[in-house]
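Enquirer: Using my numbering, you'd call the opening residue of the sequence shown number 302 and step up by one each time.
Just so it is clear, CB atoms sit at the ideal spot from N, CA and C, and this is done for glycine as well.
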Amino acid sequence: MNIQDLVASGVHFGHRVSRWNPKMKPFIYGTKNLIHIVDLRQTVRGLVRASGFLSRLAAAGKDVVFVSTKRQAQAIIKGEAERCGMHWVTERWLGGTLTNHATIRTRLKRLEFLEHLETTGEIDGYSKKMISSFRRERRKILRNLEGIRNMRTLPGALIIVDVKREAIAVREANKLGVVVIGLVDTDCDPDGVDIVIPGNDDAFRAIEVMLKPLAEAIIAGRDKSVAGPAAHPVQHAEPAAGAAAAEGREQE
C-alpha cells in the first residue's frame with residue numbers, strides 16, 4: 302500500500318471544514334477549497350498497524366466482523382468479509398449484538414427453525430397466512446443477521462467504516478474489550494477506536510482501497526495458522542496516538 306494508490310482513490314478527501322471534529326486534528330494535513338485534506342502518511346501507518354494486528358488475530362483463530370450500514374459500503378464490506386472468511390453486518394447493527402449475544406443466538410435458532418420448515422416441506426401444512434408470516438419473518442432475520450449467523454464466540458476485532466454512524470457497535474466493542482479498527486473521516490470522533498485509519502469513508506473506491514489490504518492480512522494470518530495459535534500470540538492493540546500532520550494531497 303502506498304500513498305499514490307490512496308490519492309488515486311480519493312482517500313485524502315475529508316469533509317467540509319465546517320463539519321470537522323477537532324479530535325481528528327492530528328490526522329489532518331490542511332485544507333483545500335474549504336475541504337479538509339487527510340494526512341495520508343497517517344492512513345498508511347494505520348493500515349500497516351491494522352494489517353499486522355489482523356494477521357496475528359487470524360493466525361490465532363479469532364473472528365473478525367466487518368461493519369458498515371451505509372449504502373456505498375455495503376457491497377465491499379460483504380465482499381471482503383466473505384473473501385477472507387469472516388463475518389459482516391451491513392443492514393442494521395442490532396443493539397446487543399455483542400453485549401447480549403444470547404438473544405441474537407435465539408433469533409438465529411428461530412431462523413434455523415423457519416428454514417427447516419421450508420427444506421422439509423413442513424411449511425405446506427400451515428395456512429397461507431402463516432406461511433406468509435413465516436417467510437416474512439425469515440427474510441427479516443436474514444437481512445439483519447445473515448452475516449453473523451455462524452459467529453459462535455465473541456470476535457477479536459471489529460472493522461468499522463464510519464464510526465460515527467456505527468456508534469452503538471463501537472460502544473459495545475469497547476465495553477467488552479473487542480478491538481475496534483476504524484476507517485475514520487474528518488467528521489468523526491476517534492475516541493473509542495483502537496486503531497485509527499483516517500480517510501474518506503464515503504466514496505466506494507476509497508473504502509475499497511482501504512479494506513482490501515485488511516482482508517488480505519486476515520487471509521495471510523489464516524494461512525499461517527497451520528503453525529498453531531501458540532506460535533502467533535495476539536496482543537491487544539494500544540489506542541492510536543495522535544501524530545504530526547504531514548504532506549498535502551491534491552484535490553481531484
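1. Would phenylalanine 367 pass as a contact of isoleucine 460 if the rule is Cβ separation under 8 Å?
2. In chain order, which alpha helix (DSSP H) runs of at least 4 residues are fully inside the segment 429–483?
3. Express the C-alpha separation of threonine 487 and alanine 507 in angstroms, rounding to a whole number.
4. Among residues of its own chain, excluding the 5 on either side of glycine 380, which ones have a beta-carbon nearer than 7 Å to its beta-carbon?
5. I need the boundaries of the beta strand (DSSP E) containing histidine 388, first residue and last residue.
6. What is the DSSP secondary structure of alanine 531, reduced to helix, strand or coil?
7. So glycine 448 and valine 464 are in contact, right, with Cβ under 8 Å, and what is the actual spacing, rounded?
8. My guess is that serine 369 and valine 462 are in contact by the Cβ rule of under 8 Å, so how many angstroms apart are they, rounded?
9. Identify the residues that DSSP records as bridge partners of proline 499: which are they?
10. Using the C-alpha atoms, what's the distance from lysine 429 back to alanine 374?
11. For the segment 391–422, list the alpha helix (DSSP H) runs that are entirely contained and at least 4 residues long, ordered along the chain.
12. Please report how far the alpha carbon of leucine 512 lies from the alpha carbon of alanine 504, in whole angstroms.
13. Using beta-carbon positions only, say whether glycine 311 and histidine 337 come within less than 8 Å of one another.
14. If you drop the 5 nearest sequence neighbours on each side, which residues of the same chain put their C-beta closer than 6 Å to that of aspartate 502?
15. Which two residues bound the contiguous alpha helix (DSSP H) that contains isoleucine 508?
16. Could you name the residues of the same chain whose beta carbon sits closer than 8 Å to that of arginine 320, not counting the 5 residues immediately before and after it, in chain order?
17. Does the contact criterion of 3 or more C-beta pairs under 8 Å hold for the segment 441–456 versus the segment 324–332?
18. Only counting runs of 3 or more residues, tell me where the beta strand (DSSP E) segments fall wholly within the segment 331–365, in order along the chain.
19. Distance check for leucine 443 and aspartate 492, CA to CA, integer angstroms please.
20. Does DSSP put valine 494 in a helix, a strand or coil?
21. Within 10 Å of its beta-carbon, does methionine 387 have 16 or more other beta-carbons around it, so buried, or fewer, so exposed?
22. Which residues in the same chain as aspartate 306 place their Cβ atom closer than 8 Å to its Cβ, once the five residues preceding and following it in sequence are excluded?
Expert: To lay it out plainly:
1. Along the sequence shown, one-based indexing puts residue 367 at 66. Along the sequence shown, one-based indexing puts residue 460 at 159. Contact: yes.
2. 429–446, 468–477
3. If you number the sequence shown from 1, residue 507 lands on position 206. If you number the sequence shown from 1, residue 487 lands on position 186. About 14 Å.
4. By one-based count along the sequence shown, residue 380 stands at place 79. Closer than 7 Å at the Cβ level, and outside the excluded window around glycine 380, lies no residue.
5. Within the sequence shown, residue 388 is the residue found at index 87, counting from 1. Counting along the chain, the beta strand (DSSP E) containing histidine 388 begins and ends at 388–390.
6. Residue mapping note: residue 531 aligns to position 230 of the sequence shown, counting from 1. Residue placement at alanine 531 is flagged as unreliable, the pLDDT there being 47, under the threshold of 50; a coordinate-derived value is accordingly withheld.
7. Within the sequence shown, numbered from 1, the residue matching residue 448 stands at position 147. Within the sequence shown, numbered from 1, the residue matching residue 464 stands at position 163. With 8 Å as the limit, glycine 448 and valine 464 do not qualify as a contact, their Cβ atoms being about 18 Å apart.
8. For the purposes of this step, residue 369 is taken as residue 68 along the sequence shown, with counting starting at 1. For the purposes of this step, residue 462 is taken as residue 161 along the sequence shown, with counting starting at 1. With a Cβ gap of about 4 Å, serine 369 and valine 462 count as contacting.
9. Taking the first residue of the sequence shown as position 1, residue 499 is located at position 198. For proline 499, which the question treats as bridged, DSSP gives the partners Val485.
10. Your numbering for residue 374 matches position 73 in the sequence shown. Your numbering for residue 429 matches position 128 in the sequence shown. Rounded to the nearest angstrom, the two C-alpha atoms are 37 Å apart.
11. 402–421
12. Indexing the sequence shown from 1 puts residue 512 at position 211. Indexing the sequence shown from 1 puts residue 504 at position 203. Their backbone Cα atoms lie some 12 Å apart in a straight line.
13. Position 10 of the sequence shown, counted from the start, is the residue given in the question as residue 311. Position 36 of the sequence shown, counted from the start, is the residue given in the question as residue 337. The answer is no: Cβ separation not under 8 Å.
14. Position 201 of the sequence shown, counting from 1, holds the residue named residue 502. For aspartate 502, where only same-chain residues beyond five positions count, the Cβ hits under 6 Å are Val462, Asp463, Leu484, Asp486.
15. The residue given as residue 508 occupies position 207 in the sequence shown. Where isoleucine 508 is concerned, the enclosing alpha helix (DSSP H) stretches over 505–525.
16. Within the sequence shown, residue 320 is the residue found at index 19, counting from 1. Excluding residues within five positions, the ones whose Cβ falls inside 8 Å are Thr487, Asp488.
17. no
18. 336–339
19. For the purposes of this step, residue 492 is taken as residue 191 along the sequence shown, with counting starting at 1. For the purposes of this step, residue 443 is taken as residue 142 along the sequence shown, with counting starting at 1. In a straight line, the C-alpha of aspartate 492 is about 32 Å away from that of leucine 443.
20. Within the sequence shown, the letter at position 193 stands for residue 494. Three-state result, valine 494: coil.
21. Position 86 of the sequence shown holds residue 387. Buried is the call here.
22. Along the sequence shown, one-based indexing puts residue 306 at 5. Contacts found: Val510.
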